[in-house]
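Enquirer: Quick one: the structure is below, and I'll ask about it shortly.
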Amino acid sequence: MTDSGNKDNNIAKVEGPTGFGTAISLDPIDEQCRVHRDYTHKFDNCSRNPAECEDGFSISVWYKTYYESTAETHNTDATGKKQTLFSTGGDAEGHPGVHAYLEDDLELNVVVCNGTHFWHSLLIGVFFENSWTNLGVKWSDSEGLEVYLKHTSPVILGNKTYSDLIPKAKTTAPEPVPGGAKTPLDPSEIMLGCHKDSDNPTYRQFAEGAFDELATWTRVVEDPIMFLGGYSETLGEGGIESLKETADTANYKDAETSAAMLNALNSVSSSEEEEDEVDDGVAPTSSPTSATSGTQPSPTATSSAPPPEDQKDFKDMLKILSGVTSTVPDNVLTSNIERLMVVVKSTSNMLGPKYKDNFLAELQESDNPGAAGVLSQVNTFTLGLVTNLELTPNQTRDGYTINKDMRNIKLQGWKRDLDTLRDEGEAKRYWQAPDCDKIEEDPLWSFECSRVAVTHEIIPWEECGNWTVSTVITANRNYHNIAPFKYNLGRLNPALPKMLDSRTIDVRVDVSPPDDYVPEVEEKSDVVSFTMGEEDDANEKEEKKSPCHPTKQSLMDKPVRLKLYHLNKNLRRKILFHQDEENKQMVARHCVFWNVALGDYGEWDPAGCKIVDTTDTYTRCACARLGTFAVLTEKVEPKIVPEEEIWLTMMRYAGYVLSFLFIIAYIIIVIVSK
């Protein structure tokens, strides 16, 4: 949102409600106001005129007043004064839209008008000084107008708390508009702290107070607790069981609902006692296996089984995370993507040492992908968020970048249009991540920094210059310790023990068509796919359906390039004649990716990946794939010759002596015979 343009709007920032960071403070003396002009999206007429809202609409905002707004503290000098909280230009005079305002510092009025009729709700004395309150409005033509209020903390009134007395208004019967319908604002506007209409375009009715987290929906939100600002500070307080009950009925197509659930999941999954030790980096090693199995035989060999009740809570957390990340919300906005990206923090919590035993216990169950399923779905979800992010033309041209630095995950994401990327030339040819200079400042990441580079040239610019490309790269600190260890038996020798010898990096790329793009649909085909992540040959058909997506050939021409540092220092080459050196020998290293097309839920596969260079400390890889990458090492123990029995030694030396005597005798015989 921008300022109204009336005066110099040097708007102050203040602390927002719990969980939301900073908010803005508006001063009516300076006529301060925030405005989002022409904010409707494609096919969205509802935001302009409620008469076009087939499914109704919902609006939520956090507001904090700097004065008491109750009957006991009513300011009689404010008679007739109006202060707008939010408005789209509606009123009871026939202008379509919604208008929420305070009158006389005491009365909260909410008006919704569809041009011919209006709905009006009135609440008295609902705000307290310096206390954040969430105001929620729901409206539909069939159900009428509903107003919800929620305070961040209860205020004591006698023997009751104010939260027990929060008023709620509902108006089902509309009144006809006197004088007939008027036109809505064109272009559309949503105003925070001021109001205007199509007949009087002057901003007025400026409000005093702090505002945060204005959110709108072009439908009636089903669950008020999820609708109140997209966040409830009490949502996770009931523990995992209570959260699970709420999650079962939540609508994750709504971005604010997903953000609220992810924030609560982050609360229950984190712990002040979380371990801070730096991981030694050595992944478990598999034993030689038969030709029928490529699994690590005993993940619990280096772990202890968690208590059953802890494992049950852990499974519930996994179920909630899976439920949220299985659906990417529509119309992701820059205003809510940061809250949605709390999924990275929640996942980082769960991939940490605290839950290592829980993940390893999951691997004991048949057909359970464990941490691989979690990481794959979350990475797909984060890419979907970036892909679905709605940007203005300026944002698309300049690009949008996301950085998330967590304890166990470092994520970087970008969204740009291809034309701009090509115009920037060689300097912007590659996306490279993670930022190793920044990682070195984190004591938990104080190890050699593996990196990846992927070029936008994997997308055919000639045909797709007006498309938008989204990229997400994720580096993982601890995943190699809890990842399932299944591998492709058709390409890797099952007789040799193996281990993951690097931390993992995940690379994902997606493209978005322009608004006027019409996909070609072949007859007798219901394939609708615009994603390429860990796919293998099974998805070649989907690739052919979209000419602007990375193809196997484009990735072979411009492969993903990785530099992965080794974990196991014992495998470095040593001078073999030193008796005190550890007696192990490396056989081979492989660049691998997690191929979800193999096995029940995936296997480590070297297909499409080549080693460019390998040293004692790192391996450089080139992969014609997108997905999760690592270095897999095959090794053997040296053959140990058993000690010889003493009698065999004596016989050997006796043989040496006899051989020497016979040679002397032979020499003497030859000399005498001459």
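With UniProt numbering as the guide, the letters of the sequence shown map in order to residues 1 to 674. Even glycine gets a Cβ: it sits at the ideal position worked out from N, Cα and C.
(1) Give a single yes or no on whether D104 has its beta carbon closer than 6 Å to a heavy atom of the ligand MG.
(2) On the DSSP letters alone, give me the boundaries of the beta strand (DSSP E) that Q83 sits inside.
(3) Give me the Cα-Cα distance between V328 and S470, rounded to the nearest whole angstrom.
(4) Using the C-alpha atoms, what's the distance from E645 back to V672?
(5) Report yes if the CB atom of V112 is closer than 7 Å to the CB atom of L145, and no otherwise.
(6) Please go through the same chain and pick out, in chain order, the residues whose beta-carbon is closer than 7 Å to the beta-carbon of W461, but skip the five residues on each side of it.
(7) May I have the straight-line CA-CA distance separating I409 from A475, to the nearest angstrom?
(8) Distance check for Y252 and V332, CA to CA, integer angstroms please.
(9) For K545 and N336, what's the separation of their Cα atoms in angstroms?
(10) When burial is assigned at 16 or more other CB atoms within 10 Å of the CB, is L658 buried or exposed?
(11) May I ask you to verify whether the stretch 380-397 touches the stretch 312-329, counting CB pairs closer than 8 Å and requiring at least 3?
(12) With distances taken from CA atoms, which of L632, S25 and I482 is nearest L500?
(13) Can you give the Cα-Cα distance for Y101 and H480, rounded to whole angstroms?
(14) When burial is assigned at 16 or more other CB atoms within 10 Å of the CB, is W445 buried or exposed?
(15) Check whether the Cβ atoms of G56 and W139 sit closer than 7 Å, and answer yes or no.
(16) Give me whichever residues DSSP pairs with N595 in a beta bridge.
(17) Ignore the nearest five residues each way along the sequence and tell me which others in I439's own chain have a CB closer than 6 Å to its CB.
(18) Check whether the Cβ atoms of V14 and S25 lie closer than 7 Å to each other.
(19) Helix, strand or coil: how does DSSP classify V221 here?
(20) Helix, strand or coil for C113 per DSSP?
(21) Using alpha carbons as the reference points, say which of T420, Y487, N488 and D435 lies closest to E457.
(22) Is S140 close to chain B, meaning its C-beta is less than 7 Å from at least one C-beta of that chain?
(23) Opposite A215 in the DSSP bridges: which residues?
(24) Only counting the same chain, and skipping five residues up and downstream in sequence, which positions put a Cβ closer than 6 Å to that of T88?
(25) Shortest alpha-carbon distance to A441 belongs to which of Q432, D405, T455 and N466?
(26) Please classify A215 as buried or exposed, where buried requires at least 16 other C-beta atoms within 10 Å of its C-beta.
(27) For L85 versus Y63, is the C-beta spacing smaller than 7 Å?
(28) Measure the C-alpha to C-alpha separation of P550 and I459 and round it to an integer number of angstroms.
(29) From D186 to S198, what does the alpha carbon distance come to, in whole angstroms?
(30) Along the chain, where does the beta strand (DSSP E) containing N263 start, and where does it finish?
(31) Leaving aside the five residues before and after residue 696 along the sequence, list all residues of the same chain whose C-beta is less than 7 Å from its C-beta, in chain order.
(32) Do you know offhand how far D510's Cα is from Y355's?
(33) Is S665 helix, strand or coil when you go by DSSP?
(34) Taking the alpha-carbon positions, what's the M317 to L360 distance?
(35) What's the gap between the Cα of A622 and the Cα of W594?
(36) Give the secondary structure of I482 by DSSP, where H, G and I count as helix, E and B as strand, and everything else as coil.
Expert: Per the coordinate set shown:
(1) Ligands displayed in this structure: none; no statement on the ligand MG is therefore possible.
(2) It spans K82 to S87 - the beta strand (DSSP E) in which Q83 sits, taken as one unbroken run.
(3) When rounded, the distance between both Cα atoms is 15 Å.
(4) 41 Å
(5) Against a cut-off of 7 Å, the Cβ pair of L145 and V112 comes out as a contact.
(6) L418 and R422
(7) 6 Å
(8) 12 Å
(9) Only weak support exists for where K545 lies, its pLDDT of 49 falling under 50; the value from the coordinates is given anyway. Cα to Cα, K545 sits roughly 32 Å from N336.
(10) exposed
(11) yes
(12) L632
(13) 55 Å
(14) Taking every protein chain shown into account, the CB of W445 has 16 or more other CB atoms within 10 angstroms, so this residue is buried.
(15) For G56 and W139, yes; Cβs fall inside 7 Å.
(16) E603
(17) W445 and C449
(18) yes
(19) Looking at V221 - three-state DSSP - the assignment turns out to be coil, as it is neither helix nor strand.
(20) strand
(21) T420
(22) Going by chain labels, chain B is absent from the structure shown, which holds only one protein chain.
(23) S60
(24) Counting only Cβ-Cβ distances below 6 Å, and skipping sequence neighbours, we find G97, V98 and I190.
(25) Correcting the residue identity first, residue 441 is Glu in this sequence and not Ala. Taking only the C-alpha atoms, the option nearest E441 is D405.
(26) Residue environment: A215 is assigned as buried (16 or more neighbouring CB atoms within 10 Å of its CB, all protein chains considered).
(27) Contact: yes.
(28) 5 Å
(29) 7 Å
(30) Note, N263: premise wrong, no beta strand (DSSP E); alpha helix (DSSP H) at A255 to S269.
(31) There is simply no residue 696 to check, as the chain begins at 1 and stops at 674 in what is shown.
(32) 31 Å
(33) Going by the sequence as given, residue 665 is Ala instead of Ser. In the structure shown, A665 sits in a helix (DSSP, three-state: H, G or I).
(34) 15 Å
(35) 15 Å
(36) Three-state result, I482: coil.
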